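Report on the structure given below.
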Amino acid sequence: MRPKLPKAEPQEDLFRARLENLVDPRHALVRLAGLIDWSRFEAAFGALYTDGGRPGLPTRLMVGLHLLKHMDGLSDEAVCTRYLDSPYAQLFCGETFFQHVLPLDRSSLTRWRQRIGAKRLEVLLAESLAAARRGGAVEDKHLQRVTIDTTVQPKAMTHPTDSKLLQRGIEILARLARRHGIRLRQSYLRVAKAARREAAKLIHAGRRRQAERQVRQLRTWLGRLARDIGRKIAGHAAIQAALAGPLGLVARLLRQRREDRGRDKLYSLHAPEVECIGKGKAQARYEFGVKVSLATTNAVAPGGQFVLGARALPGNPYDGHTLAEQIAQTERITGIEIERAYVDGGYRGHDADKTRVFISGQKRGITPTIRRERRRRSAIEPVISHMKSDGHLGRNFLRGTEAGATNVILAAAGHNLRLLRAWLAWLLACLLSRLTSAHQVGEGRLQRALAA
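Listed below in structure tokens is the structure:
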């Protein structure tokens, strides 16, 4: 059922004070809540709810919790705890009176993200830019010239090795067999743990051939365990349906070899969608996750460098083949046509309009203005670093391919609101400084007049 719309004039409570009377109206979070058009989310997400059944959670509550989460890089549990502790967080989420009980379960955030989807969540990124324009942190002219680059959104997983994956497969199958009451000939849990530890020691000592012997033994044990479970669940349709996914992943793991390439290679059993992406970094030659494309303002807006578009790119496509779609998404979110886009050398042979895309090192059609703007192309790198260190782009904890695309959009919206919140706090500090200076000047003039 559709969430209940908030009342225009909530009923007064004799024993409780309104939140707006408890908080400081000059606080950046209070002013930020006033800049956001919350009714826009009601209109965008209302079609996803039916007319019957139990009323859904308020849209402003869910959107506000997600924005707070990605502004400060919190987990679902941490943002729920902050909601209970902070009157500013509750006011930001649309509450009228202070709440002592959490109005939702933590898992409601996961289900809400899955219901909305990455495509519709673009409205959060669009509204963050609209709020920045209302607050004077960015102007329309800053949205006409953009910088576009790609990076990797790593998955929450450890570095994959053959011994680790095989031992993990044995643990998963043994746990599922115990859960469904399947009596195994041997679980191999104890010997698999010892073999993995021994393989790690041998690799560290440079004895690769002996380590490979342990890996082959682990592969043999995993194959025996999978065949044993397959024989004993034959004829049990319910158990076969429950174990079809894990057994399919184990079969895929047993088929693959070290020299295999492509999307079919398995790097994690809990996240089979993970891809291996080489970015040429000195500290990490390969990253495991999904490639993402980001578009930011080229010129420095008064409030900072805002993110105008963000997309997940499953399949690790060539950068140049994603440029046209990234420009189209940025224009759809901002509502402003892009005049010039600046990219690095990895976009050679791109599929976008060549008259408004300028590549690093390009010689033709370069004016002094374009050359000056092109020097700012590398300024997108600190934006990516801040999104990874301060937001959730550096480690994606959400499960599934669609959830990875959702995390990218929310991380971009959180980055924009962090900049806007800092901009509002800076404006207030400047205003108070000017008022203090004017007061001191007035007092000085008064004292001189009295002395005369």
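Counting along the sequence shown from 1, when you hit position 136 you're at 136 in UniProt numbering, and nothing is skipped either side.
By construction, the Cβ of each residue, glycine as well, lies at the ideal position given by its N, Cα and C atoms.
Computed from a predicted model, the values in this text were never measured in an experiment.
query, result
"Would a C-beta distance cut-off of 8 Å place L173 and I229 closer than the cut-off?", "yes"
"I need the boundaries of the alpha helix (DSSP H) containing P368, first residue and last residue.", "P368 to R374"
"Does the pairing of the segment 311-328 with the segment 338-348 give three or more beta-carbon distances under 8 Å?", "yes"
"Going by CA-CA distance only, name the one from R231, A199 and L48 that's closest to residue 479.", "Given that the chain is displayed from residue 1 to residue 452, the structure contains no residue 479 and the question cannot be resolved."
"State the DSSP-derived secondary structure class of G404, mapped to helix, strand or coil.", "helix"
"What did DSSP end up calling F98 once you bin it into helix, strand or coil?", "coil"
"Does A301 pass the burial test, meaning 16 or more other C-beta atoms within 10 Å, or should it be called exposed?", "buried"
"What separation, rounded to the nearest whole angstrom, lies between the Cα atoms of residue 477 and R207?", "Because residue 477 is not part of the residues shown, which for the chain are 1 to 452, the question remains open."
"Using three-state DSSP, classify N298 as helix, strand or coil.", "coil"
"Considering just the uninterrupted stretch of the alpha helix (DSSP H) at A132, what are its terminal residues?", "E122 to R134"
"So the alpha helix (DSSP H) T59 belongs to, where does it begin and stop?", "T59 to D72"
"Using a threshold of 8 Å, state whether the C-beta atoms of R111 and D76 are closer than that.", "no"
"Beta-carbon within less than 6 Å of residue 453's beta-carbon, same chain only, minus the 5 sequence neighbours each way: which residues are those?", "Only positions 1 to 452 of the chain appear in this structure, which leaves residue 453 out of reach."
"What separation, rounded to the nearest whole angstrom, lies between the Cα atoms of T158 and R115?", "29 Å"
"DSSP on G235, reduced to helix/strand/coil?", "coil"
"Inspect the beta-carbon positions of N396 and K155 and report whether they are closer than 8 Å.", "yes"
"Within the same chain, show all residues whose beta-carbon is closer than 7 Å to that of T59, passing over the 5 residues directly before and after it, in chain order.", "P3, F41, E42 and F45"
"Helix, strand or coil: which one does DSSP assign to E275?", "strand"
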